[in-house]
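*Asks:*
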Amino acid sequence: MRNLRNLRFGRWRHPDITAACWDPETDEIVCAIGPTEQNPTVELVRLSDSDSIRRNHRTFARWDAPSPNPELLVDRIVSLHHLSGSGTTCLVLEGGDIITVREDPSAGHVHIEIMGSIDAGIAAARWSPDEELLAVVTKADTVVFMGGAFDPVAEVTMTEEDLKASKHVSVGWGKKETQFQGRGAKALRDPTIPEKVDQGLPSTNEDGSVSISWRGDGAYVAVNSVQEGSRRVIRVYSREGELDSASEPVDGFEGALSWRPSGNLIAGIQRLSDRVDVVFFERNGLRHGQFTLRSPNGAILDAADTRIRLEWNSDSTVLAVILADTIQLWTMGNYHWYLKQEIAMEPGFACLAWHSEKALRFAAASAGSVILAEQIFHTSRGSCRPPYDNGVVAVIDGETVKITPFRTANVPPPMALFEVKAASSVVDVAFGHRNSSFAVLHQKGVDIYELPLKNGRSTRPVEVLKLPFDTPNMPEHHMPLRICWVSENSLRCMGYQDDLGHLQLVVSTGEGSSTEISMLDSNLILAATATREDESTVESYGQDQSGRLYKLSNSGDDILPIQFTTQLPWFEVSKHDDVEMAFGLSRAGHIFANSRLLAKNCTSFVVTPDHLIFTTSNHFVKYVHLVADVEDLEVPGDDPEKDERCRSVERGSRLVTAMPTNMSIVLQMPRGNLETIFPRAMVVAGIRSLIEEKNYARAFSYCRSQRVDMNILYDHKPEQFLSCVGLFLDQLKEVSYIDLFLSSLREEDVTQTMYKDTKRAKAQPYSANAPETPSSQKPHGSKVNAICDAVLKSLQSRKETHLQNIISAHVCKVPPALDDGLTLVAELMQEDEKLAEKAVEHICFLVDVNRVYGNALGLYNLDLALLVAQQSQRDPREYLPFIQNLHVLSELRRKFEIDDHLGRRQKALARLKALDAFDELCNYTSKHDLYQDALKLYRYDPPRLATLTELYAVYLESRSQYREAGLAYESIRNYAKATSCYRSAGATCWQECLFTAYQQDPPLSADSKAELATALADALWEAKDFSSAATIHLEYLDSLETAVKCLCRGYHFAEAIRLVVQRSRPDLLESAVDVGLAEALGRTTEFLADCKAQLRAQVPRIAELRLKAAEDPH
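Written out as structure tokens, the structure reads:
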């Protein structure tokens, strides 16, 4: 979908020009003048393209080169090449001399030397791309390979035996005698089998010429020559001079030859009786496709035309076909060959040289002039400004312009939705305001077309105006280069004329007599142009060769305050908040915003009103939100999984156009096929814009088609949505669409997670009293429930048409309000049973049918439960007997059975209380452990409360919860059981145990009490609760000595001494207290000794480990 657009053009005139080549280091053209019959002198001239090629030239060498062979009237340069490594220019002459010219800028002189001579004469010569080998074909049918020092490497003789190198087997395919000629044989013929086999018959224009072409890596070289007595053949040799292959016979094959640098095709010319084809060969010599040439007037090239030459550019994208007075530039996409440009030149063609580093720059020499031209690949697209962004793109193919508006139809190339034809080869195409018109610039004039719309779709273009260049006020032999719209009714055409140089034409397209083409008085040379439009106007911008930007108008050019640091071949201008900014792309892939570098790996870009979109060499398409300040532009990283502004694309994809209205972009793959994608950044941005416009129908449609989470419809503007629920429902209309929205709701705020807005908010001054913006206010509580309630409120008056949505709103709540939905169905059963069945079916679709069945039973509506059960996959033998049994029960008993069936134990317990079935209630409580609920129910009925408490106590005792069981027994005055439970609970309940023991009736004997107290004291001693043990010995067992020992064991010496003195037992001070002190001292001393020994054993090891960690941290 890309055209070739002129970036640079110049012509230098001089008689007797014979050859030209490039000096890549200085970007200068080395041009050879002579020798001729009148003057045998050879003159070398350098042409610089820095400003004007007409003024920048200098002669640096001149010498006489008389013909060394009497049969050769005048010597001829067969090869002119500048060797960058040595700074030497090498000339190979037909007479056999090989001459080098070395410049010495510091000394100011030139050294000219004949490096060798071949007596037989030279038919053709060419240096390898790495400049290490020179291949020479002599007139004695030999191929000589020379090194960089011109020493022979190999010499090979071309013989007829070479034709057998590639064994092209023929089995008579296509011959009549080997084909079955039955009924309908022609229709059944295998299309892969040719109708005839070529024999290698010579062309009518056979001139016996020889041509050489190297493969791009320099590993092989092809030689096209005539084998005497046989046919014309292409021989392929390796660098060592070994024959690799020979081409198959081709009738009408001529001497032109060019090997595609990428290595897959060798191009040649086949002249047939009715046409001329460019034919391709593989390295093994077999044919590999072809295409037919067209003459400059658009017809198939006349077979009687003069010699044709071919030359591939350095990156294999453009094939130059040189005719008698025209250079044609061909490109291939999707297996179709496009004629992109035709450049007229003077007769007497000498050579065409492509620049080895700048792939689309070339120099073409003829007998009287040298043309310097540079092209760029440029996509001729219409404006991307909504709502007029119909995605229109123009593709040039000779005299035809292929027009495809991608918003109307996505037609893959080489086809197109519309085609228009010009009177001559097309040079450039420009689209007008709102994409309603376009201008076609061709060699003979300008054609204006309208591109009308019908029902939002583009229709066939209508020609409205033809403006030829052959008018009295126009300069003769003027060459058009580019065109652009300056205003709605005016265009600017850039051209070149030998006498005037670069000129600019103003093309007025007004009504009536105002239609004219006039020259603009301006000396400015604009290398590139771009157009920007807004709602009412079109503005055009130009860029000169230094990167300065100008605003173009009908009267002149005004320089802009913004500029690039260097010339950028591709650029666009955008205006954001009334601030102009320019985006430009260099040949190296550096993309700039004004003078700021944004990225270094850009391959193509498009500017929309809101985004800069560009593709990168590591296969991403990225979006940059446009803001007024260039420094605030934020380029996303290579993270397509987390950032919506970055997306992975196919390797080598390039942008064709963008359609913000459709939220899509069109990409072209390296092979030429197209792919339309909907990047998340554009889709989400478009949905946000539609929500702000309250166009919920279209926003919902894009969410549905592009799989965007529908929660964004609410989350982007929550308050607006809740206030416009009625509008939302009116726009969606379809019941299924509303259901889809409701079923997609969840509590997550997608504007803060998956669809977080990456566009920076404008800085606003902070104010403490500033109210919160409506977009940031969100209702408290459940988001889903708030939306469902708002929908239910709006649907109350539409119950007849939106019953399904009402049910969905109930069911989609969190948690689902199934009871509300089923209550609504129960009401419907009284009015319309079929409608109720549909409603139940819908609920069962949204929620698990078993859950719905349980809720229906829970409403105690047996008819509703039966209706739901019928919608399930259950066997009727499972639910029918159960429901039938429920019908015969009383209401309370039925509710009990339903609650028990559904596991509603508390409700079932309450039903039993209402039935006054206490014994059953006790059994039910014990079965399902509902003691707490039962106690609550009978808290005001002491007799039954006591019975339930006893049941609870037994339950706790069985679960080994002795303390709780003791409390329960104690509450019903069963002190014996309480004492047993407290005793089983352990030493911690010694106080409760002694209390209940002394409360028993009849009371315990003294021995029993003593035994109980002794057991509790021993348990407390084992539990090391020495203070409590001492209390029991002192108060319940009346054993002061034992109590003092317990206190001393627990280190309560002060309390022990106090008791001894209080009870007047000083003898115990020595026998009990002193002994206790000694024992405590011994235990403490032993503990300290153990600690000391442990420290002595472990501290040195810890120090050693820390030292090792410090020496070797890893």
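Take the sequence shown: its position 242, counted from the start at 1, is 242 in UniProt numbering, and no numbers get skipped. Glycine residues also receive a C-beta, built at the ideal position from the N, C-alpha and C atoms. Note that the structure is predicted; figures quoted are calculated from it, not measured.
Suppose you measure from the CA of Leu549 to the CA of Asp558; what does that come to, to the nearest Å?
*Replies:* Looking up residue 549 in the sequence shown gives position 549. Looking up residue 558 in the sequence shown gives position 558. Near 9 Å, if we compare the C-alpha coordinates of Asp558 and Leu549.
*Asks:* Which residues does DSSP list as the beta-bridge partners of Ala914?
*Replies:* Your numbering for residue 914 matches position 914 in the sequence shown. DSSP lists no partner for Ala914.
*Asks:* Spell out a yes or no on whether the region 410-426 and the region 671-688 are touching, meaning 3 or more CB-CB pairs, one atom from each, closer than 8 Å.
*Replies:* At 8 Å Cβ cutoff, the stretches touch.
*Asks:* With DSSP as the reference, label Tyr998 as helix, strand or coil.
*Replies:* Within the sequence shown, the letter at position 998 stands for residue 998. Tyr998: helix per DSSP, three-state reduction.
*Asks:* Can you name the residues that DSSP bridges to Leu319?
*Replies:* Within the sequence shown, numbered from 1, the residue matching residue 319 stands at position 319. DSSP, once it has assigned bridges, lists Trp312 and Trp330 as partnering Leu319.
*Asks:* According to the neighbour-count rule (16 or more other Cβ atoms, all chains shown, within 10 Å of its Cβ), is Ala817 buried or exposed?
*Replies:* Position 817 of the sequence shown, counted from the first residue, corresponds to residue 817. Per the 10 Å Cβ criterion, buried.
*Asks:* Which word fits Leu1095, buried or exposed, when buried means at least 16 other C-beta atoms lie within 10 angstroms of its C-beta?
*Replies:* Translated into positions along the sequence shown, residue 1095 becomes position 1095. Under this definition Leu1095 is an exposed residue.
*Asks:* Quick check on DSSP: helix, strand or coil for Val750?
*Replies:* Indexing the sequence shown from 1 puts residue 750 at position 750. Of the three classes helix, strand and coil, the one that applies to Val750 here is coil, per DSSP.
*Asks:* Who are the near neighbours of Val171 in its chain, counting only those whose CB is closer than 7 Å to its CB and skipping five residues on each side?
*Replies:* Here residue 171 refers to the residue found at position 171 of the sequence shown. Note that Val171 has pLDDT 49, beneath the 50 cutoff, so the model's placement of it is unreliable and the number below is only indicative. Closer than 7 Å at Cβ, skipping near neighbours: no residue.
*Asks:* Can you tell which of Pro609, Ala839, Pro640 and Glu644 has its C-alpha closest to the C-alpha of Ala628?
*Replies:* Within the sequence shown, the letter at position 628 stands for residue 628. With distances taken between Cα atoms, Ala628 lies closest to Pro609.
*Asks:* Buried or exposed for Ala1013, please, with buried defined as at least 16 other CB atoms from any protein chain shown within 10 angstroms of its CB.
*Replies:* If you number the sequence shown from 1, residue 1013 lands on position 1013. Ala1013 should be labelled buried.
*Asks:* May I ask you to report which of helix, strand or coil DSSP gives Glu132?
*Replies:* Your numbering for residue 132 matches position 132 in the sequence shown. Correct three-state label for Glu132: coil.
*Asks:* Using the three-state DSSP reduction, which class does Pro468 fall into: helix, strand or coil?
*Replies:* In the sequence shown, the residue the question calls residue 468 occupies position 468. Correct three-state label for Pro468: strand.
*Asks:* For Phe882, which residues of its own chain have a beta-carbon under 8 Å away from its beta-carbon, when the five flanking residues on both sides are left out?
*Replies:* Looking up residue 882 in the sequence shown gives position 882. Only His901 meet the Cβ criterion.
*Asks:* Is the region 23-33 in contact with the region 382-389, if contact means three or more CB pairs nearer than 8 Å?
*Replies:* These segments do not touch.
*Asks:* Can you check which of these residues, Asp578, Val236 and Val427, is closest to Ala222 by C-alpha distance?
*Replies:* As a working mapping, residue 222 is identified with position 222 in the sequence shown. The candidate whose alpha carbon is nearest that of Ala222 is Val236.
*Asks:* Along the chain, where does the alpha helix (DSSP H) containing Phe1026 start, and where does it finish?
*Replies:* As a position in the sequence shown, residue 1026 is number 1026, starting the count at 1. Phe1026 to Glu1035 is the span of the alpha helix (DSSP H), which, as asked, contains Phe1026.
*Asks:* For Asp428, which residues in the same chain have their Cβ closer than 7 Å to its Cβ, ignoring the five residues on either side in sequence?
*Replies:* Translated into positions along the sequence shown, residue 428 becomes position 428. So the list reads Arg5, Leu441, Arg482 and Ile483, once near-sequence residues are dropped.
*Asks:* Taking DSSP as the reference, what is the three-state secondary structure of Glu161?
*Replies:* Here residue 161 refers to the residue found at position 161 when the sequence shown is read from its first residue. Glu161: helix per DSSP, three-state reduction.
*Asks:* State the DSSP-derived secondary structure class of Lys783, mapped to helix, strand or coil.
*Replies:* Counting from 1 along the sequence shown, the entry for residue 783 is found at position 783. If DSSP states are grouped into helix, strand and coil, Lys783 belongs with the helices.
*Asks:* Going by beta-carbon coordinates alone, are Ser872 and Asn855 separated by less than 9 Å?
*Replies:* In the sequence shown, the residue the question calls residue 872 occupies position 872. In the sequence shown, the residue the question calls residue 855 occupies position 855. Cβ distance not < 9 Å, so Ser872 and Asn855 don't count as in contact.
*Asks:* Check for me: the beta strand (DSSP E) holding Ala365 runs from which residue to which?
*Replies:* Taking the sequence shown and counting its residues from 1, the one referred to as residue 365 is at position 365. Per DSSP, Ala365 belongs to the beta strand (DSSP E) from Arg361 to Ser366.
*Asks:* Ignore the nearest five residues each way along the sequence and tell me which others in Leu722's own chain have a CB closer than 6 Å to its CB.
*Replies:* As a position in the sequence shown, residue 722 is number 722, starting the count at 1. If we look at Leu722 and ignore the five residues flanking it on each side, its Cβ neighbours are Ala790.
*Asks:* With a threshold of 6 Å on Cβ separation, who are the neighbours of Gln668 within its own chain once the five nearest residues in sequence on each side are excluded?
*Replies:* Translated into the one-based positions of the sequence shown, residue 668 becomes position 668. Only Met1, Arg654, Val656 and Leu674 meet the Cβ criterion.
*Asks:* Based on the DSSP secondary-structure assignment, which residues constitute the bridge partners of Glu580?
*Replies:* Reading the sequence shown from its first residue, position 580 is the one you call residue 580. According to DSSP, which records beta bridges pairwise, Glu580 is partnered with Lys575.
*Asks:* When we look at the beta-carbon of Glu399 and count the other beta-carbons within 10 Å, is it buried (16 or more) or exposed?
*Replies:* Residue mapping note: residue 399 aligns to position 399 of the sequence shown, counting from 1. With 16 or more Cβ atoms within 10 Å of its Cβ, Glu399 is classed as buried.
*Asks:* State the CB to CB distance for the pair Glu957 and Ala965, rounded to an integer number of angstroms; the pair is presumed to be in contact (CB under 8 Å).
*Replies:* Looking up residue 957 in the sequence shown gives position 957. Looking up residue 965 in the sequence shown gives position 965. Correct: roughly 4 Å between the Cβ atoms.
*Asks:* Report the three-state DSSP secondary structure of Ile691 (helix, strand or coil).
*Replies:* Position 691 of the sequence shown, counting from 1, holds the residue named residue 691. Three-state DSSP puts Ile691 in a helix.
*Asks:* Count the other C-beta atoms from every protein chain shown that fall within 10 angstroms of the C-beta of Thr537, then say buried if there are 16 or more, exposed otherwise.
*Replies:* Numbered from its first residue, the sequence shown carries residue 537 at position 537. Looking at its Cβ environment, which holds fewer than 16 other Cβ atoms inside 10 Å, Thr537 is exposed.
*Asks:* With DSSP as the reference, identify every bridge partner of Glu1011, one or two as the case may be.
*Replies:* Counted from its first residue, the sequence shown places residue 1011 at position 1011. Note: Glu1011 sits in no beta bridge, so no partner.
*Asks:* On the DSSP bridge assignment, give the partners of Pro405 in chain order.
*Replies:* Along the sequence shown, one-based indexing puts residue 405 at 405. Pro405 pairs with Val392.
*Asks:* Using DSSP's beta-bridge definition, name the partner residues of Val223.
*Replies:* As a first step, residue 223 is located in the sequence shown; it is residue number 223 there, counting from the start. BP columns for Val223 point to Ile212 and Arg235.
*Asks:* I need the DSSP call for Phe291, collapsed to helix, strand or coil.
*Replies:* Translated into the one-based positions of the sequence shown, residue 291 becomes position 291. Three-state result, Phe291: strand.
*Asks:* Rounded to whole angstroms, what's the CA-CA distance from Asp49 to Val370? Just pull it up for me.
*Replies:* Numbered from 1 along the sequence shown, position 49 holds the residue referred to as residue 49. Numbered from 1 along the sequence shown, position 370 holds the residue referred to as residue 370. Roughly 12 Å between the two C-alpha positions.
*Asks:* Could I get the ranges of all uninterrupted beta strand (DSSP E) runs contained in the region 404-466, with 3 residues as the minimum, in chain order?
*Replies:* Segments of the beta strand (DSSP E) lying fully in the region 404-466: 418-421, 426-431, 437-442 and 445-450.
*Asks:* Can you tell me which residues form a DSSP beta bridge with Gln668?
*Replies:* Here residue 668 refers to the residue found at position 668 of the sequence shown. The partner list for Gln668 (beta bridge, DSSP) reads Arg654 and Leu674.
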